[in-house]
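Participant: Residue numbers (our numbering), protein chains in the order written: chain A, 1 to 376; chain B, 377 to 749. Backbone N, C-alpha and C define an ideal beta-carbon position, used for all residues, glycine too.
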Amino acid sequence: MTKNIRWICEKCNKKWIHPVDTCIYCSGKMKKQIGTTLKVIGMTKVFTPSPPHPIIPYNVIMLEDEHGNRMPKKVMKDYSLGDSYLDVADSSDNAVSVVKIKYDFYEAVKEAIELIGDVKVDAATKILIKPNLSIPGYAYIGICTNPKVLDALIEYIIEKGAKAENITIAEQSFFVPLEKAASKSGVINVIKKFGVKYADISLTEFETVNAREFSFEVSKIVKQFDLIFNVPVIKTDMILGIDGAFENLTRFLSKKTFTELAKDPTKAVNALALLPSILSKFITIGDASIGMQGNGPAENGEPGFFNLIFCSRNPVCHDKIVQEVFCLRKLPYVELAGKLGAGAYEMSKIKVIGSELESLRRDIKQPIGSRLIKKD
Amino acid sequence: MYIKGIGMTKFEASDKPSYVLAYEAAIEALKDADIPFSKIDAVVTASLEWFFSVEKQRHFPAMMSSMFRTHKPIISVPAGCAGGGHALWVANQLGYDNVLVLGVEKLMTCKSESITDEFTMALESKWEQLEGLTAPGSAALLAGHYFNRFPIANTDDLALIAYKNHLNGALNPKARFFGKKVSLDDIKNSKIACSPLRVMDCSISVDGAAACVITKDKTEVKIAGSGLCTDRIAPFESKDLTTWEATSVSSAEAYKQAGISPSDIDFAELHDAFTIVELISYEDLGFVPKGSGVKMIRDGTVLLDGKLPINPSGGLKAKGHPPSATGLSQIYSLTQQIRREAGDLQVKNSKIGLAHNIGGVGGTVTCHILKKV
Numbered sequence: 001m002t003k004n005i006r007w008i009c010e011k012c013n014k015k016w017i018h019p020v021d022t023c024i025y026c027s028g029k030m031k032k033q034i035g036t037t038l039k040v041i042g043m044t045k046v047f048t049p050s051p052p053h054p055i056i057p058y059n060v061i062m063l064e065d066e067h068g069n070r071m072p073k074k075v076m077k078d079y080s081l082g083d084s085y086l087d088v089a090d091s092s093d094n095a096v097s098v099v100k101i102k103y104d105f106y107e108a109v110k111e112a113i114e115l116i117g118d119v120k121v122d123a124a125t126k127i128l129i130k131p132n133l134s135i136p137g138y139a140y141i142g143i144c145t146n147p148k149v150l151d152a153l154i155e156y157i158i159e160k161g162a163k164a165e166n167i168t169i170a171e172q173s174f175f176v177p178l179e180k181a182a183s184k185s186g187v188i189n190v191i192k193k194f195g196v197k198y199a200d201i202s203l204t205e206f207e208t209v210n211a212r213e214f215s216f217e218v219s220k221i222v223k224q225f226d227l228i229f230n231v232p233v234i235k236t237d238m239i240l241g242i243d244g245a246f247e248n249l250t251r252f253l254s255k256k257t258f259t260e261l262a263k264d265p266t267k268a269v270n271a272l273a274l275l276p277s278i279l280s281k282f283i284t285i286g287d288a289s290i291g292m293q294g295n296g297p298a299e300n301g302e303p304g305f306f307n308l309i310f311c312s313r314n315p316v317c318h319d320k321i322v323q324e325v326f327c328l329r330k331l332p333y334v335e336l337a338g339k340l341g342a343g344a345y346e347m348s349k350i351k352v353i354g355s356e357l358e359s360l361r362r363d364i365k366q367p368i369g370s371r372l373i374k375k376d
Numbered sequence: 377m378y379i380k381g382i383g384m385t386k387f388e389a390s391d392k393p394s395y396v397l398a399y400e401a402a403i404e405a406l407k408d409a410d411i412p413f414s415k416i417d418a419v420v421t422a423s424l425e426w427f428f429s430v431e432k433q434r435h436f437p438a439m440m441s442s443m444f445r446t447h448k449p450i451i452s453v454p455a456g457c458a459g460g461g462h463a464l465w466v467a468n469q470l471g472y473d474n475v476l477v478l479g480v481e482k483l484m485t486c487k488s489e490s491i492t493d494e495f496t497m498a499l500e501s502k503w504e505q506l507e508g509l510t511a512p513g514s515a516a517l518l519a520g521h522y523f524n525r526f527p528i529a530n531t532d533d534l535a536l537i538a539y540k541n542h543l544n545g546a547l548n549p550k551a552r553f554f555g556k557k558v559s560l561d562d563i564k565n566s567k568i569a570c571s572p573l574r575v576m577d578c579s580i581s582v583d584g585a586a587a588c589v590i591t592k593d594k595t596e597v598k599i600a601g602s603g604l605c606t607d608r609i610a611p612f613e614s615k616d617l618t619t620w621e622a623t624s625v626s627s628a629e630a631y632k633q634a635g636i637s638p639s640d641i642d643f644a645e646l647h648d649a650f651t652i653v654e655l656i657s658y659e660d661l662g663f664v665p666k667g668s669g670v671k672m673i674r675d676g677t678v679l680l681d682g683k684l685p686i687n688p689s690g691g692l693k694a695k696g697h698p699p700s701a702t703g704l705s706q707i708y709s710l711t712q713q714i715r716r717e718a719g720d721l722q723v724k725n726s727k728i729g730l731a732h733n734i735g736g737v738g739g740t741v742t743c744h745i746l747k748k749v
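#1: Straight-line CA distance for residue 59(A) to residue 80(A)?
#2: Would you kindly report the start and end of the unbroken beta strand (DSSP E) that includes residue 747(B)?
#3: Restricting to Cα atoms, I'd like to know which of 78(A), 70(A), 217(A) is closest to residue 46(A).
#4: Look at the Cβ atom of residue 721(B), then the Cβ atom of residue 548(B), and state whether they are nearer than 7 Å.
#5: Of all the options 35(A), 17(A), 178(A), 320(A), which has the alpha carbon lying nearest to the alpha carbon of residue 337(A)?
#6: Just to confirm, are residue 742(B) and residue 626(B) a CB contact at a threshold of 7 Å?
#7: Please return the same chain residues whose Cβ sits closer than 7 Å to the Cβ of residue 196(A), not counting the five positions on each side in sequence.
#8: Does residue 507(B) come within less than 7 Å of chain A when only Cβ atoms are used?
#9: Pick from 51(A), 68(A), 279(A): whose alpha carbon is nearest that of residue 5(A)?
#10: In the DSSP assignment, find the alpha helix (DSSP H) that holds residue 655(B) and state where it starts and stops.
#11: If you count every other CB in all the chains shown that lies within 10 Å of the CB of residue 104(A), and 16 or more means buried, which is it?
#12: By a C-beta neighbour count over all protein chains shown, 10 Å radius and 16 as the cutoff for buried, is residue 377(B) buried or exposed?
#13: When you compare the CB positions of residue 623(B) and residue 740(B), do they come within less than 7 Å of one another, or not?
#14: Checking 7 Å against the spacing of the C-beta atoms, do residue 695(B) and residue 495(B) come in under that value?
#15: With distances taken between CB atoms, is the gap from residue 498(B) to residue 667(B) smaller than 7 Å?
#16: Name, going along the chain, the residues of the segment 205-225 of chain A whose beta-carbon falls closer than 9 Å to a beta-carbon of chain B.
#17: By Cβ distance below 6 Å, which residues in the same chain neighbour residue 531(B) in space, the five residues on each side in sequence not counted?
#18: Are three or more beta carbon pairs between the segment 288-295 of chain A and the segment 304-321 of chain A nearer than 8 Å?
#19: Pull the bridge partners of residue 225(A) from the DSSP assignment, please.
#20: The alpha helix (DSSP H) spanning residue 106(A) covers which residue range?
#21: Here's the rule: buried if 16 or more other CB atoms are within 10 angstroms of the residue's CB, otherwise exposed. What is residue 40(A)?
#22: For residue 17(A), would you say it is in contact with chain B, using Cβ-to-Cβ distances shorter than 7 Å as the test?
#23: Please classify residue 266(A) as buried or exposed, where buried requires at least 16 other C-beta atoms within 10 Å of its C-beta.
#24: Inspect the beta-carbon positions of residue 577(B) and residue 534(B) and report whether they are closer than 7 Å.
#25: Return the first residue and the last residue of the beta strand (DSSP E) that residue 452(B) is part of.
#26: Kindly indicate the opening and closing residues of the alpha helix (DSSP H) around residue 38(A).
#27: Which residues in chain A have a C-beta closer than 8 Å to the C-beta of residue 612(B)? List them in chain order.
#28: Check whether chain A comes within 7 Å of residue 492(B), counting only Cβ atoms and requiring the distance to be less than that.
#29: Rounding to the nearest angstrom, what Cα-Cα distance links residue 488(B) and residue 137(A) in this structure?
#30: Relative to the C-alpha of residue 287(A), which candidate in 255(A), 113(A), 251(A), 90(A) has its C-alpha closest?
#31: Going by beta carbon distance, what residues of the same chain come within less than 7 Å of residue 402(B), once the five residues before and after it are set aside?
#32: Please check if any C-beta of chain B sits within less than 7 Å of the C-beta of residue 44(A).
#33: Measuring only the C-alpha atoms, how far is residue 277(A) from residue 221(A)?
#34: Is it right to say residue 410(B) is buried, meaning 16 or more other beta carbons lie within 10 angstroms of its own, or is it exposed?
#35: Could you say if the segment 515-523 of chain B and the segment 640-653 of chain B meet the contact criterion of at least three C-beta pairs nearer than 8 Å?
#36: In terms of residue numbering, what span does the alpha helix (DSSP H) encompassing residue 561(B) cover?
Have a look at this one:
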């Protein structure tokens with residue numbers, strides 16, 4: 001449900017489109033006003049391309065909500081004056097929501113989850129959140145999952161009824177002590193703020209799981225939770241094309257397994273495609289608030305200020321839509337995983353909600369030099 | 377304060393770097409003022425220092441310090457496309473005896489998509505840029521709202537505004553379209569940029585610089601009014617989607633300072649970045665009531681030989697739009713008119729002129745009234 005957000009002073013009713021804590025006129029505190037009933041009051045069809053909006057023509061419609069607040073929205077579909085604008089949620093596995101962050105991470109993450117049919121949690125639900133903290137990096141560089149996304153997710157699931165003591169943030173780094181990444185990224189502050197648990201996967205027990213020609217050592221932690229949120233930061237990657245839903249799962253494996261697979265990129269792709277089938281079911285929240293473009297974290301990649309949240313119940317659909325939005329070349333593990341039954345990879349079977357796919361497409365700096373990215 | 381000298385490069389796609397363009401405009405203004413640079417107390421500059429430009433030269437005040445070989449204060453006051461007007465407003469407040477005001481832009485080394493992107497950065501980032509709104513897109517939405525509210529107006533009126541400005545620009549030796557004939561059909565048949573606006577409803581990006589020397593010494597051109605108003609960055613927040621309030625407020629201040637009303641204005645240079653903006657500005661400046669702006673173009677009031685000539689220089693549409701230089705090119709035009717030095721562009725009554733300069737989508741507006749002493 002596309003939301004139109006305003007921050008309003010509780011004392012003097014002045015409105016802001018930007019989040020502020022205190023009214024500069026009367027020192028009043030702010031409350032949020034959210035409009036969801038949106039009508040089209042204006043439109044233009046744009047024929048002038050720009051780097052973030054290369055596909056033309058597209059429409060920009062002006063929407064007005066039940067509070068009289070307005071917002072523009074980019075769409076490919078044609079609308080008429082007076083039409084209603086509504087996003088319909090879809091709880092199927094093949095749905096991927098893509099939400100633009102309008103300063104408010106909580107509303108964006110909430111909207112992204114709601115658009116895939118929401119989640120059911122209660123005081124007893126044990127929840128695992130798996131961010132990407134594999135390399136230490138400040139949040140604004142796009143190397144680690146943005147702590148604001150984790151903050152928003154935890155706030156939302158607690159609001160839905162979950163207990164902080166039943167929530168665990170778990171990750172491991174194959175390169176540095178995990179504390180370094182948790183501290184530098186600011187994720188440690190989120191852990192402290194909510195009092196949620198924190199686990200280093202490398203210190204957990206592992207069990208061997210065999211799938212096809214592979215033998216994986218998988219952390220037993222994946223079996224200890226009722227609900228898993230896979231929260232990668234969306235980065236380009238020299239080897240895989242992108243670090244998305246699949247790559248983030250590799251750190252449920254032991255370092256030994258990871259090191260073995262990393263020796264042979266082709267083998268790694270085949271193994272990666274099997275991960276959804278050997279792990280529990282999970283929801284992926286792709287953090288593309290500040291992602292990474294170019295050659296990724298290992299090869300001087302640079303931050304990409306994409307301002308997007310992706311969300312899907314299926315990692316194949318998730319990574320396929322990330323690839324499509326950022327016009328990246330084919331990701332071999334996605335198609336393979338799809339063929340192995342892990343989810344739909346054919347565009348005709350995937351439903352994008354929140355924004356139309358064509359309205360989101362844009363070029364980012366591609367990773368080059370990968371030995372695995374096949375030319376279409 | 378008074379205008380002592382004016383200077384301006386030709387507005388075109390130039391192979392000169394920005395500091396050279398600025399230097400040339402400054403030299404012309406100083407010569408026109410008949411004073412050496414040593415008599416200048418301070419310089420106020422505006423330049424957007426475009427990211428995509430191949431110049432790779434930031435820190436414009438220091439660059440101009442190098443060019444002028446001076447340690448005098450050089451104050452940079454960029455304000456989007458209102459940089460020139462903004463710089464003049466600031467210079468007018470400083471209290472110095474002589475100030476050189478300088479605006480320059482170098483953007484034609486960028487490809488058009490990059491120019492669009494650079495202009496778009498003057499719009500709000502998350503609500504507008506992320507949703508594909510560009511400067512022409514924003515103006516197109518404005519046109520749509522205007523046509524819905526005032527059905528008397530239509531795209532033919534916008535074409536007439538563009539045509540009028542091209543007729544004038546073709547006579548202006550410093551204009552991008554100097555000597556170039558553009559027909560009404562060329563305008564009406566041009567491609568859609570952002571519906572309902574066509575390509576020929578949009579101003580043309582150019583390189584260029586403009587300058588003026590302002591002084592406490594009495595000259596024949598007085599800055600009688602100087603208004604500056606800021607407003608929200610996102611126009612969708614406005615109460616009235618067919619008005620840019622900062623134009624009304626800044627012009628009201630300028631009228632008040634000059635002790636005149638809109639009906640006293642003899643001619644004006646308006647910020648026609650898009651034809652619809654010129655149309656609503658007729659109303660926002662108080663020349664006619666809201667909703668009746670089209671009458672001014674239909675009955676010929678705003679033509680070069682009309683009762684209230686608008687954009688005799690050709691405006692941003694035909695003279696060209698190097699953002700930070702635009703406002704000062706308007707001052708150049710006003711001063712020429714008041715001095716009766718405008719040649720083929722000379723309007724009949726030219727004692728009181730108004731310059732209207734807009735930054736962003738109505739987020740910064742300056743209005744200056746120049747008066748013959």
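Facilitator: Reading off the structure:
#1: Between the alpha carbons of residue 59(A) and residue 80(A) lies a distance of about 11 Å.
#2: 740-748 is the span of the beta strand (DSSP E), which, as asked, contains residue 747(B).
#3: 78(A)
#4: Closer than 7 Å, so yes.
#5: 320(A)
#6: yes
#7: Around residue 196(A), the same chain offers 154, 164, 167, 168, 169 as residues with beta carbons nearer than 7 Å, after the five sequence neighbours per side are excluded.
#8: The C-beta of residue 507(B) comes closer than 7 Å to at least one C-beta of chain A.
#9: 68(A)
#10: Counting along the chain, the alpha helix (DSSP H) containing residue 655(B) begins and ends at 651-660.
#11: buried
#12: buried
#13: No, they are not a contact pair.
#14: no
#15: no
#16: none
#17: Once the five neighbours on either side are set aside, the close Cβ partners of residue 531(B) are 572.
#18: yes
#19: Per DSSP, none; premise fails for residue 225(A).
#20: First-last of the alpha helix (DSSP H) with residue 106(A): 105-115.
#21: buried
#22: Closer than 7 Å to some Cβ of chain B, the Cβ of residue 17(A) qualifies, so yes.
#23: exposed
#24: The Cβ-Cβ distance between residue 577(B) and residue 534(B) falls below 7 Å.
#25: 450-452
#26: Taken as a continuous stretch (DSSP letters only), residue 38(A) belongs to no alpha helix (DSSP H), being part of the beta strand (DSSP E) at 38-46.
#27: 62, 70, 71, 72
#28: yes
#29: Between residue 488(B) and residue 137(A), the C-alpha separation is close to 35 Å.
#30: 113(A)
#31: 383, 476, 478, 587
#32: yes
#33: 16 Å
#34: It is exposed - the Cβ of residue 410(B) has fewer than 16 other Cβ atoms within 10 Å.
#35: Segments in contact, yes.
#36: 560-564
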